[in-house]
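Structure, as structure tokens:
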Amino acid sequence: MDETAAFIRFQGVSKHFDAFQVLKDINLSVQKGERIVICGPSGSGKSTLIRCINGLESYGCGDIFVNGTRVEAAGLAQVRGRVGMVFQQFNLFPHLTVIENLMLGPMRGKGMSQAEAREIAERYLARVRIPEQADKYPRQLSGGQQQRVAIARSLCMEPEIMLFDEPTSALDPEMISEVLDVMAELATTGMTMLVVTHEMGFARRVADRMVFMDFGEIVEVAPPEQFFTAPDSARAQDFLQKILNH
Amino acid sequence: MRLLSLLSAFLLLSGCSASWGWYVVNPATPQGYNNLKFMLSGLVYTVQLSATAIAISIVVGLLVALPGLSPNKWLRRMSRTYVELVRAVPILVLILWVYYGLPPVTGITIGVFWAGVIALALSDSAFQAEIFRAGIQSIARGQYEAAYSVSLGYVDTMRYVILPQAIRRILPALGNQLVYMLKMSSLVSVIGMQELTRKANELVVSEYRPLEIYTVLVLEYLVLILIVSAAVRWLERRLQADERG
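Here the protein sequences line up with chains A and H, keeping their order.
Per numbering that gives the first Met the number 0, residue 0 is the first one in the first sequence, and the count goes up by one each step.
Per numbering that gives the first Met the number 0, residue 0 is the first one in the second sequence, and the count goes up by one each step.
Next comes the structure, spelled out in structure tokens:
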């Protein structure tokens, strides 16, 4: 793999919370259009890893590059314009309607006119299959619908990379598939995706590569068929046994 | 409303007693009518003074609260110092200090109205700052993260995402401050501001009927504040309805 042409590149990234090391010497390159699923026990640094990409977390040492731009205070606005993010708790703006949630970024982040922003918002709302909810407030929607609005909100910024931080963990079981379907559909468009999730069925179906983390390190990187059938590390074997056997 | 009618019933009944002299404020007589008109002429100043002061104190309070929430230690300390210092000065002392103390130092003479506005706004801004800080701190971290991730900068994040939510939450506290400000404006009478309390004081001097005149004064504030309370509640309901859609 050509390391310098990587779309997202982690070079020796480490991060500490006081004495506790959350990320240990992370090296990872992601190509444009690649779909990466990151899994591992809770507290293993998965969320922290993807949150470093758009600067929601700072990192102590090492470098992260997104399409050649180093992720640091100065380049943050530029990087954030390219990277969309979907959160576990949706984080929709409760005081704005669905369509206003979608239009805020294009208008205030990208300086689009209201008409342009509305057109984009309507397009992506249709794409996540809830165009009829445009004028409702987030609290009037189900969890699955809220998360789809959150995905549409990110897509309205027309990002090149989408980060998903446990997007289905706060959902009732019957709503998980509607969100995963939207994500799988997005994967077919060539979007570069980094997904932190425990949904191993989705990972098997969609991922190009699996990244397994434990205690702040990347323990194993492998294609899904290899990762699920014959993981190299004992820690990955142990983890898979715990989450798959119930 | 029931409270009001109870109060007026009480006053009418006590009017029978010999020690009351309601004639001074009886609108049916020319003297009482003129006296009432004189008392009510202070209303516009009370309202202007309080409204101007609260508008300024909200802006100053916000400008003090925001650095108080900064990750920068020195900005936080500056904000804290302002709040602690200003909050420690009694309003009456601040009014006297601004009106009599400031001109010799600065060389600028400040009119009664603006001296009152500055003193009230300054004093209230420390409380407003704490209210805003509490409101802004109550908004979940994820709201900032979502706003930043759709490329909003700090100012836009505050303006479109954080403050609209924070203000809904602190509206009852802001209503409190508004009521407080209306009442504290009576203190500006000591430097000669022709507001409700000053007018009542002047009338008492000429008519020598303090009981009746101050009772009317109490009612003036009561009515004013009930109107303000109703307005704040209406606004609260409207904003909540907004969120429910």
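The beta-carbon is built from N, C-alpha and C at its ideal position, and this holds for glycine as well.
Contact with chain H by residue i, beta-carbon distance below 7 Å
| i | result |
| --- | --- |
| A/Phe86 | yes |
| A/His94 | yes |
| A/Gly143 | no |
| A/Arg107 | yes |
| A/Gly44 | no |
| A/Gly80 | yes |
| A/Gly104 | yes |
| A/Leu55 | yes |
| A/Asn90 | yes |
Collapsed DSSP secondary structure at residue i in the structure displayed
| i | result |
| --- | --- |
| H/Phe131 | helix |
| A/Ser28 | strand |
| A/Lys283 | Chain A is shown only over 0 to 245; residue 283 of chain A falls outside these bounds and no answer can be derived. |
| A/Ala221 | strand |
| A/Glu216 | strand |
| A/Met102 | helix |
| H/Gly40 | Reading off the sequence, residue 40 of chain H comes out as Ser, not Gly. The answer is coil: DSSP assigns H/Ser40 none of H, G, I, E or B. |
| A/Met156 | coil |
| A/Asp62 | strand |
| A/Phe211 | strand |
| A/Arg69 | strand |
| A/Pro230 | coil |
| A/Met164 | The question names Met, but residue 164 of chain A is Asp in the sequence shown. Strand, per DSSP. |
| A/Arg34 | strand |
| H/Gln193 | coil |
| H/Lys198 | helix |
| H/Ser78 | helix |
Exposure of residue i, with buried meaning 16 or more beta-carbon neighbours within 10 Å
| i | result |
| --- | --- |
| A/Asp237 | exposed |
| A/Glu71 | exposed |
| H/Ile107 | exposed |
| H/Ser185 | buried |
| A/Val60 | With the sequence shown as reference, residue 60 of chain A is identified as Cys, and Val is not the correct amino acid for it. Exposed, since its Cβ has fewer than 16 Cβ neighbours within 10 Å. |
| H/Val24 | buried |
| H/Pro103 | exposed |
| H/Ser205 | exposed |
| A/Asn53 | buried |
Beta carbon proximity, residue i to chain A, threshold 7 Å
| i | result |
| --- | --- |
| H/Pro163 | yes |
| H/Gly244 | Note that H/Gly244 scores a pLDDT of 44, beneath 50, so its modelled location is shaky; the value from the coordinates is reported in the next line. So, interface residue. |
| H/Tyr143 | no |
| H/Phe37 | no |
| H/Ser69 | no |
Close Cβ partners of residue i (< 6 Å) along its chain, the five nearest in sequence each way excluded
| i | result |
| --- | --- |
| A/Leu193 | Ile35, Ile49 and Leu162 |
Close-in-space but distant-in-sequence residues of the same chain around residue i (CB under 8 Å, 5 per side omitted)
| i | result |
| --- | --- |
| H/Arg75 | Pro66, Gly67, Leu68 and Ser69 |
| H/Gln136 | Leu68 |
| A/Leu124 | Val97, Ile98, Leu101, Pro130, Gln132, Ala133, Val148 and Ala151 |
| A/Pro93 | Tyr136, Pro137 and Arg138 |
| A/Asp17 | none |
| H/Leu48 | Phe112, Gly115, Val116, Leu119, Ser184, Val187, Met192 and Glu194 |
Sequence-distant residues of its chain with Cβ nearer than 7 Å to residue i (five each side left out)
| i | result |
| --- | --- |
| A/Pro172 | none |
| A/Glu143 | Going by the sequence as given, residue 143 of chain A is Gly instead of Glu. Answer for A/Gly143: Leu170, Met174, Glu177 and Val178, listed in chain order. |
| A/Ala5 | Ser28, Val29 and Gln30 |
| H/Leu202 | Asn34, Phe37, Met38 and Ile212 |
- request: Indicate whether the contact test is met: 3 or more Cβ pairs, each with one atom in the segment 188-199 of chain H and one in the segment 28-43 of chain H, closer than 8 Å.
  value: Yes, the segment 188-199 of chain H is in contact with the segment 28-43 of chain H.
Validate contact between the segment 175-182 of chain H and the segment 226-238 of chain H using beta carbons, cut 8 Å, 3 pairs: These segments touch.
message: Could you check whether the segment 207-218 of chain A touches the segment 24-43 of chain A, counting it as contact only if at least three pairs of C-beta atoms, one from each stretch, sit closer than 8 Å?
response: Inter-segment contact for the segment 207-218 of chain A and the segment 24-43 of chain A is present: three or more beta-carbon pairs are separated by less than 8 Å.
field: Touching by the beta-carbon criterion (3+ pairs, under 8 Å), the segment 122-138 of chain H and the segment 56-63 of chain H
entry: Below 8 Å, enough C-beta pairs join the segment 122-138 of chain H and the segment 56-63 of chain H to call them touching: three or more.
query: Can at least three beta-carbon pairs, one atom from the segment 20-32 of chain A and one from the segment 196-204 of chain A, be found at a separation below 8 Å?
result: The segment 20-32 of chain A makes no contact with the segment 196-204 of chain A: fewer than 3 CB pairs, one atom from each, lie closer than 8 Å.
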